[in-house]
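Participant: Residue numbers (the working numbering), protein chains in the order written: chain B, 478 to 836; chain U, 773 to 1287.
C-beta: ideal position from N, C-alpha, C; glycine also.
(1) Which residues mark the beginning and the end of the beta strand (DSSP E) in which residue 921/U is found?
(2) Just the Cα atoms here: how many angstroms apart are residue 687/B and residue 633/B?
(3) So if DSSP puts residue 809/B in a beta bridge, which residue, or which two residues, is it bridged to?
(4) I need the straight-line Cα distance from residue 998/U to residue 1078/U, nearest angstrom please.
(5) Would you say the beta carbon of residue 672/B is closer than 7 angstroms to some non-hydrogen atom of the ligand GTP?
(6) Would you call residue 1052/U buried or exposed, if buried means 16 or more other Cβ atoms sit within 10 Å of its Cβ?
(7) Ignoring anything shorter than 4 residues or poking outside the region 793-829 of chain U, list the alpha helix (DSSP H) runs there in chain order.
(8) Within 10 angstroms of the Cβ of residue 1269/U, are there 16 or more other Cβ atoms? Answer buried if so, exposed if not.
(9) Can you tell me whether residue 1016/U is buried or exposed? The criterion is at least 16 other CB atoms within 10 Å of its CB, across all chains shown.
(10) Quick check on DSSP: helix, strand or coil for residue 1241/U?
(11) Is the shortest distance between the beta-carbon of residue 502/B and the beta-carbons of chain U less than 8 angstroms?
(12) Is it right to say residue 828/B is buried, meaning 16 or more other beta carbons lie within 10 angstroms of its own, or is it exposed?
(13) DSSP three-state call for residue 1005/U: helix, strand or coil?
(14) How would you write the range of the alpha helix (DSSP H) that residue 1180/U sits in, first residue to last?
(15) With DSSP collapsed to three states, give me the class of residue 874/U.
(16) Pull the bridge partners of residue 520/B from the DSSP assignment, please.
(17) Examine chain U for any beta-carbon lying closer than 8 angstroms to the beta-carbon of residue 616/B, and answer yes or no.
(18) Hey, out of 1060/U, 844/U, 884/U, 898/U, whose CA is closest to residue 1107/U's CA?
(19) Using the Cβ count rule (16 or more neighbours within 10 Å means buried), how would you classify residue 836/U?
(20) Beta strand (DSSP E) containing residue 990/U: first to last residue?
(21) Please list the residues of the region 933-944 of chain U that have a C-beta atom closer than 9 angstroms to any C-beta atom in chain B, keeping them in chain order.
(22) Out of 1112/U, 1135/U, 1199/U, 1149/U, which one is the CA nearest neighbour of residue 1167/U?
(23) Within 8 angstroms (strictly less), CB to CB, does residue 1097/U reach chain B?
(24) Is the CB of residue 1257/U under 8 angstroms away from at least one CB in chain B?
(25) Mind checking residue 1255/U: buried by the 16 CB within 10 Å criterion, or exposed?
(26) Buried or exposed: where does residue 1186/U fall if 16 or more other Cβ atoms within 10 Å of its Cβ makes it buried?
(27) Measure the CB-CB distance between residue 571/B and residue 542/B and report whether it falls below 8 angstroms.
(28) If you measure beta-carbon to beta-carbon, which residues of the region 581-607 of chain B are closer than 8 angstroms to chain U?
(29) Using DSSP with H/G/I as helix, E/B as strand and the rest coil, what is residue 1028/U?
(30) If contact is defined by three or more beta carbon pairs under 8 angstroms, each pair taking one atom from either stretch, is the region 502-513 of chain B in contact with the region 551-565 of chain B?
(31) Using 10 angstroms around the beta-carbon of residue 807/B, count the other beta-carbons present and answer buried if the total reaches 16, otherwise exposed.
(32) State the start and end residues of the unbroken alpha helix (DSSP H) segment that holds residue 687/B.
(33) Taking a Cβ distance cut-off of 9 angstroms, strictly less, list which residues of the region 1218-1242 of chain U are near chain B, in chain order.
(34) For residue 619/B and residue 1064/U, I'd like the C-alpha separation in whole angstroms.
(35) Taking the alpha helix (DSSP H) that residue 948/U falls in, what are its first and last residues?
(36) Along chain U, which residues have their Cβ under 9 angstroms away from the Cβ of residue 613/B?
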């Protein structure tokens, strides 16, 4: 599989930036309100750019962005709306684990979602049928198909089409953040499924099942970073415009200190690197980046609301939404305290410190 | 649902309650706390999520049934003085109630908190303001058709800066009150006013000269049925949705002289006093939110199958211990600030024999025209202020304000940390408890913003405690007696006069005798 050149990736990233600014940001409030029509409208635009299949090769309708390109792209999309960026991540992660013949059955523009194994979730597969329950599957409501990562010592995944017998999805109406990626609970009672083979290059699949969780974590980090960027830009603009005590509020240390801390957190963002094939992120690096980026995003978006004061707390301004979206990044695919555990399990004695940016 | 029943009484937890002044009846406070807890468990907690959902869809929707239920439990008369038919509580009682209600639902609790905030300028202005509206409020609670109050300070172009005297001097005030025969006409817009769309009465702070807001800041009592008053947009908030926050417009609303709260131009000092009184309850709101999150996560860990084994993890144990620690400290801070305000800043005035004696005068007597006339007179207002100067000092109130600000700021941070940590412990797969924790996390953020941002509150802490400044927290004395020909004294002159014991006209008892 030949990858895009750096120039081509930069061009696609620029297109994503423009799309986020022009199309997504103006629709962010409607997406947050849970509008399915507006989601379909946005998805149509994204699919038109090939961002639903960014990891696949041209034979399967993909644009061969590779993981670094995908992450850079969804970061840009997240500046417009974190939830829609999450839809792109989940769809790419799901489709990239499918085999060539499975992809042939997926129509162009379909929205799929990868459902990671969650603590306490038990899914069992027998005779091509899946049983169990997933309490919270991000992006599953309204998706055309789902790929469930199965917990256990051996990485495995199963693909289920949305209309499959035995699958019942119920929308999670209480979902607080990333609402453009509508979540659902999934009941599986003998649901027809096919194994998603994974394995880089094997049977046409772009991403190995084993590396899919790392892709989700790295992608979530990129989304969190995009959300934090948006929060900083909005807060900085407001701090220059809003007057208090006869001066712009940025003149008050109480405000400029918060903005400075936001700027520092953004500057500490490590670019995520992938393997030479551009299809896998190292597990420990993904964990480190995910924890750091999502904690930073929660801190920055909370400060952004504080800079805006009462105005930022009101739904119409779109500032408090950034805080909710960032919080969900901190909790997905697992809460950060579990990510810390995972990180330490991957670090045997004698190992050198994890580098966020491998050399 | 795990509820953390107190292992120690309030008297054991806060010995200062029993030791200082003796004005506060600790057993009565315990009973009030139990009553608030009962109301929270029976009426508030079961409806919290549903009301949050409904008001999320329609911010103007309001649950009067809950207000009526709260009234049946006395939640609307906590800070109404006893002579006016209330419980006679101050910051401590308001704070204790707020923690209990907020552990169940901060949005619903703040309906009662904003009501108390609306009352507080009247309460702090002294006995001359207690009859009339406060008696009407207490009566409405007893009748089962409660009326609500609100307090309007924030403006579209001025939020934090109208809560600080230095910033107020340079604030962009757009509302104003214009002097007309017999009173004032109010014009302008107030924003983010909790209970603004449902209140019958609103205490509003505005300038009589917008070019000199700090010098002319004045508190008015506005009847929302007045011509020219209108409710604009009801805000769609991130959290605390059960309590509506509204934009209010005033178009030449007439307010008669007798509805000036305190005196014309005393609003900046009155605002400081109100904040010293209201910030400990905000600290309690935040503490209640944190406690609510802690109770829910603990209940989930102990009872939910999905959480099996997690309590054995050190990470979880350390997180819970950290929450317990933070909540304990936040409670200590708000109780300390409440007690300081009640005993040091205002307690002397409230427990003054003249004020207590007023409580024994039957309402029918107080309602008679001559008495009512005297109570509404400038002399009575001056007397109340003189009493404040006699029983406390600007330094004591500044210190109290700093402690209140500390409790508020720290409480808000604790609420954010504890709700955030609780949400992280349960994760996205936890089921119904997740929705409750997400709501509390959304609710918590507002406690870092309202009643002055945490940053402003910490600057108050610096000024009052680190730098030991004295802020103008008391309305200036304006003693008038025949020798001055009606000319106002300076504050210093009047204080000297007071200390010489010559200000017989400027005390409740003396003035009362004269009438």
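Facilitator: According to the data block:
(1) Per DSSP, residue 921/U is one residue of the beta strand (DSSP E) stretching across 921-924.
(2) Whole-angstrom Cα-Cα distance: 8 angstroms.
(3) None, per the DSSP bridge assignment.
(4) If you take the alpha carbons of residue 998/U and residue 1078/U, they lie about 56 angstroms apart.
(5) By its list of ligands, the structure shown contains no ligand whatsoever, and the ligand GTP lies outside what it can speak to.
(6) The residue is buried, with at least 16 neighbouring Cβ atoms inside 10 Å.
(7) The qualifying runs are 798-811, 820-829.
(8) Any answer about residue 1269/U is weak, because its pLDDT of 40 lies below 50 and its placement is not dependable; what the coordinates show is given next. Burial state of residue 1269/U is buried, judged by a 10 Å Cβ sphere holding 16 or more other Cβ atoms.
(9) By the beta-carbon neighbour count (other beta carbons within 10 angstroms, threshold 16), residue 1016/U is buried.
(10) Coil, per DSSP.
(11) For residue 502/B, the answer is no, since every Cβ of chain U falls outside 8 angstroms of its Cβ.
(12) In the assembly as shown, residue 828/B is an exposed residue. Its beta-carbon has fewer than 16 other beta-carbons within 10 Å.
(13) Note: residue 1005/U maps to strand in three-state DSSP.
(14) Run containing residue 1180/U: 1166-1198, per the alpha helix (DSSP H) assignment.
(15) For residue 874/U, the secondary structure class from DSSP, reduced to helix, strand or coil, is helix.
(16) In the DSSP assignment, residue 520/B forms no beta bridge with any residue.
(17) Residue 616/B does not count as touching chain U.
(18) Among 1060/U, 844/U, 884/U, 898/U, the Cα nearest to that of residue 1107/U is on 1060/U.
(19) That one is exposed.
(20) In the DSSP assignment, residue 990/U falls within the beta strand (DSSP E) that extends over 989-995.
(21) Listed in sequence order: 933, 936, 938, 939, 940, 941, 942, 943, 944.
(22) Measuring from the Cα of residue 1167/U, the nearest candidate turns out to be 1112/U.
(23) Chain B, which has no Cβ nearer than 8 angstroms to the Cβ of residue 1097/U, makes this no.
(24) Only weak support exists for where residue 1257/U lies, its pLDDT of 41 falling under 50; the coordinates are left without a value.
(25) Summary for residue 1255/U: the model assigns pLDDT 43, below 50, so the residue's position carries little reliability, and this model does not support an answer.
(26) Buried is the call here.
(27) No, these two residues do not count as a Cβ contact at 8 angstroms.
(28) Hits within the stretch, in order: 595, 596, 597, 598.
(29) It is a strand residue.
(30) Yes, the region 551-565 of chain B touches the region 502-513 of chain B.
(31) Counting Cβ neighbours within 10 Å, residue 807/B comes out buried, since at least 16 surround it.
(32) Under the DSSP assignment, residue 687/B falls outside any alpha helix (DSSP H); it carries neither an H nor an E label.
(33) Taking 9 angstroms as the Cβ-Cβ cut-off against chain B, the residues of the region 1218-1242 of chain U that qualify are 1218, 1220, 1221, 1222, 1225, 1226, 1227, 1228, 1230, 1231.
(34) Near 34 angstroms, if we compare the C-alpha coordinates of residue 1064/U and residue 619/B.
(35) Segment 948-952 is the beta strand (DSSP E) holding residue 948/U; no alpha helix (DSSP H) there.
(36) Within 9 angstroms Cβ-Cβ: 1199, 1200, 1201, 1202, 1203, 1206.
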